[in-house]
Structure formats: C-alpha cells, structure tokens
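Below is one structure, written out as structure tokens, with a few remarks after it.
2 protein chains.
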Amino acid sequence: MNQRKIRNMEEFAAVSGISRPTLSKYFNDPESVRQSTRERIEKALTLYDYRPNVFAVNQNRRRTKNIGVVVPNLADPFFSEIGREVELACLAAGYSPILLSSHGKPEQERDNLEALRALKPAGVLLAPFGRASDKADIEDFGKSVPVVLFDANIEGVCEAFVGTDNFQSVDLIVEYLCRSGEPPCFFEMKSPSNPNANKRRQAYLESMQRHGHAPHIYQAEGEGWKFEEIGSTEGGRLMSAGAFVTNTVLCSNDRLAIGMLSAAYGLGIRVGHGEGSALRIAGHDDHPFSRYTCPPLTTIAQDYAAIANRAASTLFRILDTETRLSEREETLFDGKLVMRGSA
Amino acid sequence: MNQRKIRNMEEFAAVSGISRPTLSKYFNDPESVRQSTRERIEKALTLYDYRPNVFAVNQNRRRTKNIGVVVPNLADPFFSEIGREVELACLAAGYSPILLSSHGKPEQERDNLEALRALKPAGVLLAPFGRASDKADIEDFGKSVPVVLFDANIEGVCEAFVGTDNFQSVDLIVEYLCRSGEPPCFFEMKSPSNPNANKRRQAYLESMQRHGHAPHIYQAEGEGWKFEEIGSTEGGRLMSAGAFVTNTVLCSNDRLAIGMLSAAYGLGIRVGHGEGSALRIAGHDDHPFSRYTCPPLTTIAQDYAAIANRAASTLFRILDTETRLSEREETLFDGKLVMRGSA
DNA sequence: CAAAATACTTAACGCGCGTAAAAATAAAGT
DNA sequence: ACTTTATTTTTACGCGCGTTAAGTATTTTG
C-alpha cells in the first residue's frame, strides 16, 4: 500500500504490467490465468489498493454472484441462527449473500423477492411463510431465478427443499413422553403461520395412534408471531381451567412453550418430570432461550447447520451446472431429542 | 402492464414520449420535473414495466442512496429490533438500508465497514462494539463517510451519537429498588464488551452514593455474547455461595438477569418482591423475552424507536445539507422503569 | 527445434445510466 | 404580443468493467 489509490482496472493494469482483459479474467476466477501471471497480479495487489467496482461488475456480468437469502423473521433467534449459517456457506463458496427478513409479514415476502429481482441474484435461498396464497408468486419467481426452499416446504414448488423431518422428530418426542409418563396432548395455534405446524400436528396424530393412545389437540386463538404471548395467555387460560386431559403438553414450537411455562409459573403450577410436579411441557426447535426457561425446556433440536449447508450446496450445484434440477429434491434431516427439566 | 418488457431507459423514453435525461431527473427526484410531465411519466409507468437498473444507477451517481446499518449482533433480539426500526426510517426517507451484523465478533465490524466501502454508501448508522482498539479504524472510516453512532458511544468519534442516558436509567431503577426494599448490589461481566456496561457501573456507584448506601459490585468471568450462560453459571455460583450482601441484585443487562433467574430457579431460590421471596433481581434493556421469565423481569425499557429514528434523522440532516456537523451531537433518551415480578 | 497449443496483449465495442451544454419549447409575467 | 424564466429535448460524453477478435508471446509437445 505504498502507492497512490488506484481508480480503476485500467490504472491497475498500467501499474501492474498486466493487460486489463487478463485482470478481468483473474478477478472473475483467479484460477483461470496462468500461475505465473496470477502471482504477478497478486503481488501487485499487495502493493496497490485496488478492488473492482462492484456496481460496474454487476452491471456487466450476465449473472451476478449475488445470492438472496430470505427468512420470515430475523427477530426470531431461530431464523437469525439459520440465516447466519446460510450466509457463511455462501461466503465460503465465493458468493455475496444478501440477507432479507420479511419481519413476520407475508406481504413483505413478496416485496423482498421483488427487491431481489433488481439485484439480479444468481440464486435464492428462501425460508417461506408457506401460505397457500403465495404459492403462485413464489412459483413464478422460481421460474426466473433458481430457488431452494428451506425450513418450510411448499409442495412441488422451486428446485428443492431442505428441512427437518417433522414426522421423525415429533414421533421421537412423543415416544419419549409416552415412555416416561402420561401420553402428551398437543398445543398449537389455531391458524398456524407455517406449514411445519400442520406437519407436526399430523405427525402427533399418527404417532399417538401408533402408540395406541387417544390424541388430544388444543388450539389457541391468535395470529402472527407473538408466540410467547399466545402461549402465555391461551395456555394459561387452559391450564387454570384444568382443560388438559393429561399432565403432559407437547407444544408445536418452543416459543409457545416458553409462553406456557411463564403462565404456569404465574399460576403456581409446578412444571417438570420430578416428584411434586403437576405438569410436563415439551417444545420443538431448541430455541436459544429454551435452555434458560424455568424449568429448562425439553425439546427437539433441529440441525440448523446441516439444513443451511445442504440448502446452500444444493443451490450451488444448480448454479455450477447452469441447468435446473431434472427432478425436485427434498432433503429431510432428523431432529434430536434434548432432554431437560420440563418433561 | 399490457406491453412488452422495457429493457432500459432509452426504450422507456421511446414508448413514453419523454426524453431520457428528463426521465433520469424524474427517477432521481420525482419532484424535480414539472407536474404535468410527472403525470405523463407516472401514467406510462403504469402501462409499462420498467425500473432503472440499480447497478448502472449506482455506478454513475456520485453519491448512492445506500445507507449502511451495522449492528454488533443480529442474533440478539435487542439489536434485531432496533435494526428494524432503523431500516424502516431509511426506507421512509427514500434510502436503501443495508443491514449488516457483526455476529458478536469485533473483527467482523471492521470487515463490515470495509464491505460497505465498496457499496459507496451515502452514510452509515453504526452501533459499535466500542472497543478502544477499534476507535482509530472507525474514526478513519468516519472521515470518508458520514457516520452516526447509536446505542454505544465512542467519545469524540463520528458525527453524532444517539442512545439511552444510562445515568438517568440506572438511577431510576436504583432509586426504585432502594425505596422498595434493600439497596441493590450490582452484577456484571468483568470484561464487558460494551461501553454501556461501564457507564452503568459508574451510574450505579454514583446513584448508591447519592442515596447514602454502600455499593457492592460482583463481576463474572467470561467473555463474548453468551450472557445468559454467564449469568446462569457465575450468578448461580454466587447465589449458592451466599455471596451477595443484599437480597437485591441489579444486573448490567437483561440477558445476564435471564441467566441468573434460570440459575435461581434451579437452586430453588424464590425470586420476587412478594412474601416468601429470597431474592430480588432486576435488569436493564427490556429484552423481548424479559416479559416471559419466571418471574417476569423488572427492568428498564429503552426507547428503541426514538433512538433509531433520531439516529436516522440526524444522518439524513447531514446528507441533506451535504456538510458535516459543525459540532458533534450527543442525544440521550430517558429509560423507563418497567415493574414486573422479579423486583 | 519446429509445430501445436495455450496464454496474453491490443484495440474496440457495449452495458445502462448520470450529466453537461446548447437548442428548442412551454409557461409566466407585463 | 413580447420578454423573461422555467423545462424539456438533442446531442454527446463518461463511468468502470465484461467481452470479443485479431495478433503476439509463451509454453508444451513430439
């Protein structure tokens, strides 16, 4: 960095003694030039401060190196974590991730995809809300840009889906709960904002049937993403009314469970699997805060990293071959049981 | 949208009957053209699907409309919320926010600022880690791009700072705790990753002195952003050793308090201000989860929205006048006491 | 060592838009 | 109707880089 600032590739060509087209090749793919010239370029790069102008590059390249990453809500630590993993995978593969949150509003998902269009992304990794009404929009978007879905599936749409096998994971915890105490009833939101919730309900029903128990489902009113609040008020109402037919409640997700635990505490109901406990509560997702609830929450851990990495690598495979997948792929990872104090 | 897709401004000029330079003016500022031509353009816009190419626009504009927003850690709901508010403020003012998280790693803050440089932002809103060692870098960055700091201050650096008045807020809760029970001791991390922590310790000391009580400070080992874990293990250790000289603990932030509450529960220590409670615990920040702890956490709420909006509007003011502030501005908002069950 | 294959240089065009200058037109004022 | 003033149109160049084509240099091959 001993020299003046380089303004453009032309100037860098002059000071480095390499022609501009060769430099252009190098910046697009350092491996595409001869080893000896690559060394000359990289030596010059240590002496002069130059980086190609991103706007000019993106304007002229047919396909950018941008990858759009869209999640429903970054304020939810689950998506914050998985979004981070996806970002890292993109960076590692030499792409520029652009992380967008839909802030819990399905309408924003459309806007985000529209905004991404302007950035001409090479591909998109999308954790959709999964509303049926958005299916057509997303399908349409997927026609112009390769899209890999993760976390929530939309049947038959986009190139691939990567997520957790809710049937495996729910069966795992139902089995554990049945084995260790009373069979669980199921607590969820009446109008879930996510297809995983439907899968989990279905998985609960099937699992209970397999284990020879009668299922019981309790659905809370309320919409949106205020899961803790809904879990607390509606779950609290059910608890104080003594509505649950068993002493074990499996919540559709951890945030609902966190709300319920809070309400149980307020009602003086002792939660846990030990002596003197009146209620067992379990969740699903292993939310970052579940370790610090009172008592700590027994739940299912999703393999964030595996899902993120597989989703990203699937997209990269499509981008490398420059052809869409001949057949839609679905990859499901197993959930793991995390036993803590609450159940 | 009854027509073919428009490829560039030239084509849109042809179909709309407006010259390209006038269109260019319009897209830069719709108010800058005569009302009648503006109407003609906007009518054409409803008929044809055209939007300027963002890359070409940004390449040629002297100053882009991009605003960098850098926060220390989006996985922390506090920054997730305040980052969201800042984004909205930028959007409302016609800028394009680019939200970057440093993922809890101070090194990443440098990388993020470096990455922003490539995007030639008109300005940057930065919630810094506040390490003394980064001061020079940030100061340097601030010379090339107008920067407004928020949440955490770095004395004398950048155009302005907007945050919470820790002296006011800590005094508020200390006063409340003294009034309603035993005067509090103070629990924090030994090597805090944030200058606010230092301010709060200082504020605690001063406030205790003003109220005529002897201060007691307990510092936990541990680094990084795993506040809950540190609060739980170190706080738990102190509690079980009976180390606290009073029955009231003021934590430097809510996440530490959440960890402590979890540990207290595990130890069977009853927390709260009611009869039969052994310990009172209070926090600071009104973290989104503090409402659902057991018991719900008494804390100080920061005015997220006010901080975000003021920081943004301060930056816009600088951008509009195209001159740096003659004098560095510091704006501090008051915190509000949120009384819940824990203290 | 000559021929073939590979990598590079030179020269030139295009991408889509900002912007400046001069000429033409429209609106406002008297 | 004639200036004055505000807008728009025409024309043209530049931004920084991707990319191509033709020619030159270098490396590889037999």
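Each protein sequence line maps, in turn, to chains U and Z. Counting in the numbering used here, the first sequence runs from 4 upward without gaps. Counting in the numbering used here, the second sequence runs from 4 upward without gaps. The beta carbon of each residue, even a glycine, is placed where N, CA and C say it ideally should be. All of these numbers come straight from a predicted model, not from anything done at the bench.
The beta carbon of residue 261/Z sits closer than 8 Å to some beta carbon of chain U. Between the segment 128 to 139 of chain Z and the segment 171 to 189 of chain Z, the count of C-beta pairs closer than 8 Å stays below three; the two stretches do not touch. With distances taken between CA atoms, residue 209/U lies nearest to 177/U out of 177/U, 224/U, 230/U. Minimum Cα-Cα distance from residue 336/Z among the listed residues 306/Z, 232/Z, 222/Z corresponds to 306/Z. In this structure residue 248/U is exposed. Its beta-carbon is surrounded by fewer than 16 other beta-carbon atoms within 10 angstroms. Listed in chain order, the beta strand (DSSP E) runs fully inside the segment 183 to 234 of chain Z are 188 to 192, 220 to 223, counting runs of at least 3 residues.
One thing to note: residue 116/U has its Cβ within 8 Å of the Cβ of residue 144/U. Remark: C-beta atoms of residue 193/Z and residue 224/Z approach each other more closely than 8 Å. Against chain Z, the beta carbon of residue 171/U has no neighbour under 7 Å; the closest one sits roughly 27 Å away. DSSP, read as helix, strand or coil, puts residue 304/U in strand.
In this structure the segment 144 to 160 of chain Z does not touch the segment 245 to 263 of chain Z; the number of beta carbon pairs closer than 8 Å is below three. Across the segment 104 to 116 of chain U, CB contacts with chain Z closer than 9 Å involve 104, 106, in sequence order along the chain. Separation of residue 26/Z and residue 57/Z (C-alpha to C-alpha, rounded to the nearest whole angstrom) is 15 Å. Following the DSSP letters along the chain, one finds residue 69/U inside the beta strand (DSSP E) bounded by residues 69 to 74.
A distance below 8 Å separates the beta carbons of residue 284/Z and residue 345/Z. In this structure, DSSP gives residue 167/Z an extended state, which the three-state scheme calls strand. Annotation for residue 297/U: no alpha helix (DSSP H) segment contains it, and DSSP assigns it neither H nor E. In this structure, the alpha-carbon of residue 295/Z lies about 30 Å from that of residue 182/U. Close to residue 77/U, with beta-carbon spacing below 7 Å, are these residues of chain Z in chain order: 77, 83. A Cβ-Cβ separation of about 5 Å places residue 90/U in contact with residue 100/U under the 8 Å criterion.
Remark: C-beta atoms of residue 119/U and residue 86/U do not approach each other more closely than 8 Å. Interface annotation, residue 57/U: in contact with chain Z, CB-CB separation under 8 Å.
In this structure, DSSP gives residue 284/U an extended state, which the three-state scheme calls strand. Using a Cβ-Cβ cut-off of 9 Å, residue 264/Z is close to 295, 297 of chain U, given in chain order.
In the three-state reduction of the DSSP assignment, residue 34/Z falls in the helix class.
Between the segment 184 to 192 of chain U and the segment 252 to 269 of chain U there are three or more inter-stretch CB-CB distances shorter than 8 Å, so the stretches are counted as touching. Boundaries for residue 153/U: no alpha helix (DSSP H) harbours it, while the beta strand (DSSP E) harbouring it runs 150 to 153, taken from the DSSP string. For residue 147/U, the enclosing alpha helix (DSSP H) stretches over residues 138 to 147. Against chain U, the CB of residue 124/Z has no partner CB under 8 Å away; the residue lies outside that interface. Nearest in C-alpha terms to residue 290/Z, of all of 329/U, 196/U, 80/U, is 80/U. DSSP places residue 123/U outside both helix and strand once states are collapsed to three, so it counts as coil. The DSSP-derived three-state label of residue 24/U is helix. With its beta carbon at least 8 Å from every one in chain Z, residue 13/U lies outside the interface. Chain-ordered, the chain Z residues with CB closer than 9 Å to the CB of residue 87/U read 77, 78, 104, 106. In chain order, 294, 295 make up the part of chain U whose C-beta sits under 9 Å from the C-beta of residue 235/Z. Nearest to residue 232/Z by C-alpha distance, out of 167/U, 73/U, 299/U, is 299/U.
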